[in-house]
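Asker:
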Amino acid sequence: MGDKIKCYHILVKKQSEALMIMEKLKKGEGFANLAKEFSIDKGSGKKGGDLGFFGRGMMVKPFEEAAFKLKKGEITPEPIKTEFGYHIIKRSG
Numbered sequence: 009m010g011d012k013i014k015c016y017h018i019l020v021k022k023q024s025e026a027l028m029i030m031e032k033l034k035k036g037e038g039f040a041n042l043a044k045e046f047s048i049d050k051g052s053g054k055k056g057g058d059l060g061f062f063g064r065g066m067m068v069k070p071f072e073e074a075a076f077k078l079k080k081g082e083i084t085p086e087p088i089k090t091e092f093g094y095h096i097i098k099r100s101g
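101 is the number that this note's numbering gives the last residue of the sequence shown; the numbers go up by one with no jumps.
1. Please return the same chain residues whose Cβ sits closer than 8 Å to the Cβ of N41, not counting the five positions on each side in sequence.
2. Just confirm the distance between the C-beta atoms of C15 and K69, as a whole number of angstroms; I'd bet it's less than 8 Å.
3. Assuming F71 is part of the alpha helix (DSSP H), what are its boundary residues?
4. Give the C-beta separation of I88 and A74 to the nearest angstrom, bearing in mind that I take them to be a contact with Cβ-Cβ under 8 Å.
5. Identify, in the order they occur along the chain, each residue of the same chain with its Cβ nearer than 6 Å to the Cβ of A43, setting aside the five sequence neighbours on each side.
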């Protein structure tokens, strides 16, 4: 596998939406359910936010940097802004 990690994400257009979803996560709501309900990334959204495994250079820079900083099971402490919107990223493997 080398330097590949597995992540899930929830992508939304507005920072306010991302912050609202982060509050729901803090209250114990499931990441996969929130991804299915809110993510505008239709491909990964219907799979609970699953992006599969990826290596460096495969994602946009801010996303990649945030994802690779996470430890297994961690979620980004704040939404990550890219040209696609705001991401909440969870690392699984």
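Beta carbons are placed, not taken as given, at the ideal position from N, Cα and C, and that holds for glycine.
Since the structure is predicted, the reported quantities are computational estimates derived from the model, not experimental observations.
Answerer: So, from the data block:
1. For N41, where only same-chain residues beyond five positions count, the Cβ hits under 8 Å are G56.
2. With 8 Å as the limit, C15 and K69 do not qualify as a contact, their Cβ atoms being about 15 Å apart.
3. K69 to K77
4. 5 Å
5. I18, G53, G56 and G57
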